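Quick note: the sequence shown uses our numbering, first residue 28, plus one each step. Okay, so here's the structure we're looking at.
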Amino acid sequence: MTKKIADLEALLSELTQERTELDAKIEELIADMADAAPEQRKTGDWAPNGALTRKYLDLTNRQAAVEKDILDLSRQIAAGDGPALPN
28 MTKKIADLEA
38 LLSELTQERT
48 ELDAKIEELI
58 ADMADAAPEQ
68 RKTGDWAPNG
78 ALTRKYLDLT
88 NRQAAVEKDI
98 LDLSRQIAAG
108 DGPALPN
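Here it is in structure tokens:
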């Protein structure tokens, strides 16, 4: 295995770990929202512009970006070439 492929695989491992962490945080937020009373979801942290809603959206946006990077890296590794992705 070339150093380049090894570096790509190391980056893939880091991204996979980050995806796992993001998944867990998102699941926790979903459980928290499910426990909130409907009126709290309208005016509290789960309101459309509430702190937890924004945090959820930030996490899911990052999750999508990480997933795209994982797919791109997987393709590069399968092809046996390509530059490492920027963080």
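For every residue, glycine included, the Cβ atom is placed at its ideal position computed from N, Cα and C. What you are looking at is a predicted structure, and each value in this text was computed from that prediction instead of being measured.
Do you know how far the Cα of residue j is from the Cα of residue i?
i	j	result
T80	L35	34 Å
L74	R68	Sequence check: residue 74 is Ala here, not Leu. Distance between the alpha carbons of A74 and R68: 5 Å.
L56	T47	14 Å
I32	S40	12 Å
A78	G107	43 Å
R102	A58	34 Å
Do residue j and residue i count as a contact pair if the criterion is CB distance below 8 Å?
i	j	result
L86	L38	no
I97	T43	yes
I104	Y83	no
Please tell me whether residue i has its Cβ less than 8 Å away from any Cβ of chain D.
i	result
D62	Checking the listed chains, one finds no chain D in this structure; it contains a single protein chain.
Checklist entry - Are there three or more Cβ pairs, one per stretch, closer than 8 Å when the stretch 55-72 is compared with the stretch 91-102? => result no
Checklist entry - Considering only residues of the stretch 32-79, which uninterrupted alpha helix (DSSP H) runs meet the minimum length of 4 residues and lie entirely inside it, listed in chain order? => result 65-70
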